[in-house]
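>
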Amino acid sequence: MHSVWKTSIRFTLVTTVLLGFAYPLAITGVAHVLFSHQASGSLILKNGHVVGSALLGQSFTSDKYFHPRISAAGNGYDAANSGGSNYAQSNLKLVQRVQGDIDKLAAQNPGKPVPIDLVTASGSGLDPDITPDAAYYQAGRVAKTRGIEEGTVKQLVAAHVTPRTLGLLGEPRVNVLQLNLDLDTMTK
Amino acid sequence: MTSNGWLQFAVFSALLLLSVKPVGIYLAKVLEGERTWLDPLLRPIEKLIYKLGGVNAGEEMNWREYAFALLGFSAVSMLLTYMMERLQGWGPLAASWLNPRKLAGVEQALAFNTAASFTTNTNWQSYVPETTMSYLTQMSSLAYHNFASAAVGIAVAVALVRGIKRMSSPTIGNFWVDVTRSILYVLLPGCAIFALVLVWQGVPQNFHPYTQATTLESQTQTIAQGPVASQEAIKMLGTNGGGFFNANSAHPFENPTPFTNLLEMLAIFVIPAALTFTLGRLTGSPGHGWAVLATMFILFAVGFTTVYWAESHAHPMIHGAQQAGTATAPGGNMEGKEVRFGIAQTSLFATITTDASCGAVNGMHDSFTALGGMVVLTNIMLGEVVFGGVGAGLYGILIFVVLAVFIAGLMVGRTPEYLGKKIEAYDVKMAMLYVLIFPLIILVLTAIFVLAPTVGLSSLNNAGPHGLTEILYAFTSATGNNGSGFAGLNANTWWYNVVLGGAMLGGRFLMVVPVLALAGNLASKKSVPPSPGTFPVNGGLFTVLLTGVILILGALTFFPALSLGPILEHLLLKSGQLF
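Chains Y and R, in that order, are what the protein sequence lines are.
Just add 1401 to the spot in the first sequence (first one is 1) and you have the numbering used here.
Just add 47 to the spot in the second sequence (first one is 1) and you have the numbering used here.
1) Cutting at 7 Å between CB atoms, please list the residues of its own chain near ALA1440 (chain Y), excluding the five before and the five after it.
2) Please specify which runs of the alpha helix (DSSP H), each continuous and at least 4 residues long, are wholly inside the stretch 385 to 465 of chain R, giving them in chain order.
3) In chain A, what lies closer than 8 Å to LYS1407 (chain Y) by C-beta?
4) Compare the beta carbon distance of LEU74 (chain R) and LEU231 (chain R) with 8 Å and say whether it is the shorter of the two.
5) For a test of the three-state rule: what should DSSP assign to ARG228 (chain R), helix, strand or coil?
6) What's the C-alpha gap between GLY467 (chain R) and PRO576 (chain R)?
7) Check whether the stretch 191 to 211 of chain R touches the stretch 1416 to 1427 of chain Y, counting contact only when three or more Cβ pairs, one atom from each stretch, lie closer than 8 Å.
8) Just list the alpha helix (DSSP H) runs in the stretch 204 to 288 of chain R, keeping only unbroken ones of 4 residues or longer that don't cross its boundaries, in chain order.
9) Quick one, which of R:LEU150, R:SER66 and R:PHE120 has its alpha-carbon nearest MET131 (chain R)'s?
10) On the DSSP bridge list, what partners appear for ILE1471 (chain Y)?
11) Which partner residues of GLY1453 (chain Y) appear in the DSSP bridge assignment?
12) Quick check on the DSSP output: the alpha helix (DSSP H) that includes VAL559 (chain R) runs from which residue to which?
13) With distances taken Cα to Cα, identify the nearest neighbour of PRO1514 (chain Y) among Y:SER1437, Y:ILE1471, Y:GLN1539 and Y:LEU1435.
14) Which partner residues of LEU1570 (chain Y) appear in the DSSP bridge assignment?
15) Run through chain Y and tell me which residues come within less than 7 Å of ARG387 (chain R), C-beta to C-beta.
16) DSSP state of ALA1432 (chain Y), grouped into three classes?
17) Quick one: which residues of the stretch 1508 to 1529 of chain Y get their C-beta closer than 8 Å to a C-beta of chain R? List them in chain order.
18) Which full runs of the alpha helix (DSSP H) of 4+ residues lie inside the stretch 95 to 168 of chain R, going along the chain?
19) From R:ILE219, R:SER164, R:GLU112 and R:VAL102, pick the residue whose C-alpha is nearest to that of LEU126 (chain R); which is it?
20) Checking contacts by CB at 8 Å: is VAL1558 (chain Y) closer than that to chain R?
21) Mapping DSSP to helix, strand and coil, what is ASP1530 (chain Y)?
22) Under 8 Å, with one C-beta from each stretch per pair, do the stretch 1577 to 1586 of chain Y and the stretch 54 to 70 of chain R reach the 3-pair mark?
23) Use the C-beta contact count for TRP337 (chain R): other C-beta atoms within 10 angstroms, 16 or more gives buried, fewer gives exposed.
24) If you count every other CB in all the chains shown that lies within 10 Å of the CB of TYR473 (chain R), and 16 or more means buried, which is it?
25) For ASP1583 (chain Y), decide whether its Cβ has a neighbour in chain R, counting only Cβ atoms nearer than 8 Å.
26) Are there 16 or more other CB atoms within 10 angstroms of the CB of ARG82 (chain R), so buried, or fewer, so exposed?
27) Along the stretch 1441 to 1470 of chain Y, where does the CB come closer than 9 Å to a CB of chain R? Name the residues.
28) Less than 8 Å between CB atoms is the rule here; does ASN1487 (chain Y) satisfy it with respect to chain R?
29) Starting from VAL67 (chain R) and walking both ways along the alpha helix (DSSP H), at which residues does that stretch end?
30) For VAL459 (chain R), which of R:PRO579, R:TRP84, R:ILE345 and R:ALA570 has the nearest alpha-carbon?
31) Which of the three DSSP states is assigned to THR325 (chain R) in this structure?
32) DSSP three-state call for ASN295 (chain R): helix, strand or coil?
33) Assuming LEU620 (chain R) and GLN1490 (chain Y) are in contact, meaning their beta carbons sit under 8 Å apart, how far apart are those beta carbons, in whole angstroms?
34) For SER1460 (chain Y) and ALA417 (chain R), what's the separation of their Cα atoms in angstroms?
35) Looking at the secondary structure, which residues open and close the alpha helix (DSSP H) in which MET180 (chain R) lies?
36) Please classify GLY1501 (chain Y) as buried or exposed, where buried requires at least 16 other C-beta atoms within 10 Å of its C-beta.
In structure tokens form, the structure reads like this:
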């Protein structure tokens, strides 16, 4: 029995050095040589300041921007506190929240059904994407607020649609932050 | 459901099945101590680990010695993790690059829960990692256990396979050698490559302090980062599932693209699937390995079909939304799901992570439809033998194989045999112990917490039958060493932390010891030559029998609980009842 404890302690320490330190530090080193931008969080700089990450959603409430999905991360798009609403389908609060948002959006865009992703909370609370349907749904509002042609905005959306990987994997999507950045550049 | 969704399932399945033979052969070589092409690089490191670790690599262990080594190693490494959590805010351990957020030591009950969780390959997380665990703790303790606990799983599986294979042998191998070789020749090289692919796709790998971004609308967004990719790789390949971030694989930094999602799903299943081939090869009965794989695949396909079907449905009480899929939007139940994955990739991930004992999630199971949530819960209740955890899936399904052979023996009225070994009273007792401990822990603890308003019910996020499912899911996930959750349940309370931690330890070690006892007993037996009366353990008949035994044992044990939870919720929601 004595030797089991001794081996356990020595083995734990040796493997911790290898797996807990050498492995992650080696990966960090190689990652920064090969893929420095991604390893540092795919940050987007504008005028030398970080405006966000290309991979993370952020909050947009102004009518001149495309809006992202509902976020349950912290107080909304808190990138240091990710998570979903965890509401069950049978939860009254879920139905009230979704129905309330649908009614608000329907007032802006009468007659058109609201794309469901626009009124549901993502799993991470940091979903950077909306569906192309949800982007086109908002094009009219954005164009009107900015005083530009709706067709121009729709063209910009079309240029931002990321198709399925290899035409197969995942779903078509539009990165909201990238779209809004280009929208700002276009109408400057 | 769309044709694209089915195509994604078909492509995943094809890639998985193609990997089974080559990976299975490689695993057999590693576990039998044969030379591999990595030997020139890794053999010196292996020898160094034995030397520094005080391991006598030539020593053969009987099942008791093997079990003691396993328990000793688990106890010591769990204690070290507990200490690291408690001390992460202290002195030199809080150096700025190791703990940039200046996070304080973790509270006792939570530290115990987390140490138990990662030691047992569960990776249940009662905490929000971004605001609780320092880079040092995540890297040196939590990610460390992702390697160690997975290797322990492989070790137990190969010990059982040796028990089947060896004749009149008092020993079943050397625990330290099995763990070392699993880590060094399988998990570590796999993770090194996988981690770099993840970084290429966008997973961060750094020790920067959290970044302050100023958004386009001039708000501040604090972006948590860290050494994510190195942990993400072993989190999937070791079927661990403990996220670097709270949102786990739904977080774009853990799973940025549909391509990484495909790789993460493959990483969960690749070793468990290949181990069936290893079983066939090492026991000299390849047909048996394929029959076990076929059983797993059938249960997997049925599970995916049901989840995908359920999650594609519109919510009956929501009106005015486009809930049916279009060419450019998946529709269906998108609450708790990510747009880049949609319904198909989320349903597939959820099925895989609960078939295996992984527990990573790329969508919130709590927000799944009642029936979709029921299937992922049932996957865990079946004992996680549908591919299952790394190693744990194989030794789990071999228990069911023993029971299936026993039942077949009863039907024809002769002593059951399994690959030349007589299955006798002691073997069936150990198998039944394994099968009974699991529901006993889950159902008793769920019942107690459901009856305790302040301790149990006050943590609920959802009322009505879904509340019962939240608690049932928590104890099932903990005991099954899965680690996924109906995450609305606030499990970070003293009672939940301590009792769930106990359930995890019970679900691992109370079940591993009977497996090793079975391995030891089988190894000591003589081989009996097959006769015309021997029930074959390959082919379609055996696959049907094994599938039936798993379903009947698992489902009948838990059906009453499921009928009060998700089934009732489904029926009430259909009739317009909300909670």
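Idealized CB from N, CA, C, for every residue including glycine.
Just so you know, these numbers come straight off a predicted model, no measurement behind them.
Result, derived from the coordinates:
1) Sequence index remark: in the first sequence, residue 1440 (chain Y) carries index 39 (1-based). Excluding sequence neighbours, ALA1440 (chain Y) sits near ALA1432 and HIS1433.
2) Counting whole runs of 4 or more residues, the stretch 385 to 465 of chain R contains the alpha helix (DSSP H) stretches 389 to 402, 417 to 428 and 439 to 459.
3) Checking the listed chains, one finds no chain A in this structure; the protein chains it contains are Y and R.
4) Start at 1 with the first residue of the second sequence, and residue 74 (chain R) comes out as number 27. Start at 1 with the first residue of the second sequence, and residue 231 (chain R) comes out as number 184. In terms of Cβ geometry, LEU74 (chain R) and LEU231 (chain R) do not form a close pair [threshold 8 Å].
5) Translated into positions along the second sequence, residue 228 (chain R) becomes position 181. DSSP places ARG228 (chain R) in helix when its eight states are reduced to three.
6) Taking the second sequence and counting its residues from 1, one reaches residue 467 (chain R) at position 420. Taking the second sequence and counting its residues from 1, one reaches residue 576 (chain R) at position 529. As the crow flies, the alpha-carbon of GLY467 (chain R) is around 6 Å from that of PRO576 (chain R).
7) Taking 8 Å as the limit for Cβ pairs, the verdict is that the stretch 1416 to 1427 of chain Y does touch the stretch 191 to 211 of chain R.
8) Runs of alpha helix (DSSP H) with 4 or more residues, each lying fully within the stretch 204 to 288 of chain R, are found at 222 to 229, 235 to 248 and 275 to 284, listed in chain order.
9) In the second sequence, the residue the question calls residue 131 (chain R) occupies position 84. With respect to the C-alpha of MET131 (chain R), the residue from R:LEU150, R:SER66 and R:PHE120 having the closest C-alpha is R:LEU150.
10) In the first sequence, counting from the first residue as 1, residue 1471 (chain Y) sits at position 70. The secondary-structure analysis by DSSP pairs ILE1471 (chain Y) across a beta bridge with Y:ALA1522.
11) Residue mapping note: residue 1453 (chain Y) aligns to position 52 of the first sequence, counting from 1. Looking at the DSSP output, GLY1453 (chain Y) bridges to Y:ILE1445.
12) Residue numbering aside, residue 559 (chain R) sits at position 512 when the second sequence is read from its first letter. Counting along the chain, the alpha helix (DSSP H) containing VAL559 (chain R) begins and ends at 541 to 570.
13) As a first step, residue 1514 (chain Y) must be located in the first sequence, where it is residue number 113. Here the closest residue by C-alpha is Y:GLN1539.
14) For this step, residue 1570 (chain Y) is matched to residue 169 along the first sequence. In the DSSP assignment, the residues bridged to LEU1570 (chain Y) are Y:THR1566.
15) By one-based count along the second sequence, residue 387 (chain R) stands at place 340. Under a criterion of Cβ atoms nearer than 7 Å, the residues of chain Y adjacent to ARG387 (chain R) are, in order, ASP1530, GLY1571, GLU1572 and ARG1574.
16) For the purposes of this step, residue 1432 (chain Y) is taken as residue 31 along the first sequence, with counting starting at 1. DSSP, read as helix, strand or coil, puts ALA1432 (chain Y) in helix.
17) Going along the stretch 1508 to 1529 of chain Y in chain order, one finds PRO1514, VAL1515, PRO1516, ILE1517, ASP1518, VAL1520, THR1521, ALA1522, SER1523, GLY1524, SER1525, GLY1526, LEU1527, ASP1528 and PRO1529 with a Cβ nearer than 8 Å to chain R.
18) Within the stretch 95 to 168 of chain R, the complete alpha helix (DSSP H) runs of at least 4 residues are 110 to 134 and 155 to 166.
19) Indexing the second sequence from 1 puts residue 126 (chain R) at position 79. When each option's Cα is compared against that of LEU126 (chain R), the closest is R:SER164.
20) Looking up residue 1558 (chain Y) in the first sequence gives position 157. No, VAL1558 (chain Y) does not count as interfacial toward chain R.
21) To locate residue 1530 (chain Y), count along the first sequence from 1; it is residue 129. Here ASP1530 (chain Y) carries a strand assignment [DSSP, helix/strand/coil].
22) The stretch 1577 to 1586 of chain Y vs the stretch 54 to 70 of chain R: no contact.
23) Position 290 of the second sequence holds residue 337 (chain R). Per the 10 Å Cβ criterion, buried.
24) Position 426 of the second sequence, counted from the first residue, corresponds to residue 473 (chain R). The C-beta of TYR473 (chain R) has fewer than 16 other C-beta atoms within 10 Å across all chains shown, which makes the residue exposed.
25) Locating residue 1583 (chain Y) in the first sequence gives position 182, counting from the first residue. No, ASP1583 (chain Y) lies away from the interface with chain R (no Cβ there is under 8 Å from its Cβ).
26) Within the second sequence, residue 82 (chain R) is the residue found at index 35, counting from 1. Exposed is the label assigned to ARG82 (chain R), since fewer than 16 other Cβ atoms lie within 10 Å of its Cβ.
27) Of all residues in the stretch 1441 to 1470 of chain Y, SER1441, GLY1442, SER1443, LEU1444, ILE1445, LYS1447, HIS1450, VAL1451, VAL1452, GLY1453, SER1454, ALA1455, LEU1456, LEU1457, GLY1458, GLN1459, SER1460, PHE1461, THR1462, SER1463, TYR1466 and ARG1470 have a Cβ within less than 9 Å of some Cβ in chain R.
28) Along the first sequence, one-based indexing puts residue 1487 (chain Y) at 86. With 8 Å as the cut-off, ASN1487 (chain Y) counts as an interface residue toward chain R.
29) Against the second sequence, residue 67 (chain R) aligns to sequence position 20. Counting along the chain, the unbroken alpha helix (DSSP H) around VAL67 (chain R) starts and ends at 50 to 78.
30) For this step, residue 459 (chain R) is matched to residue 412 along the second sequence. Looking at the Cα atoms, R:PRO579 is the closest of the given residues.
31) Looking up residue 325 (chain R) in the second sequence gives position 278. Three-state result, THR325 (chain R): helix.
32) Walking along the second sequence from the start, residue 295 (chain R) turns up at place 248. If DSSP states are grouped into helix, strand and coil, ASN295 (chain R) belongs with the helices.
33) Within the second sequence, the letter at position 573 stands for residue 620 (chain R). Within the first sequence, the letter at position 89 stands for residue 1490 (chain Y). With a Cβ gap of about 6 Å, LEU620 (chain R) and GLN1490 (chain Y) count as contacting.
34) On the first sequence, position 59 is the one that residue 1460 (chain Y) refers to. On the second sequence, position 370 is the one that residue 417 (chain R) refers to. ALA417 (chain R) has its alpha-carbon roughly 30 Å from the corresponding atom of SER1460 (chain Y).
35) Sequence index remark: in the second sequence, residue 180 (chain R) carries index 133 (1-based). Looking at the DSSP string, MET180 (chain R) is not in any alpha helix (DSSP H), and its letter there is neither H nor E.
36) For this step, residue 1501 (chain Y) is matched to residue 100 along the first sequence. Counting of Cβ neighbours within 10 angstroms places GLY1501 (chain Y) among the exposed residues, the total staying below 16.
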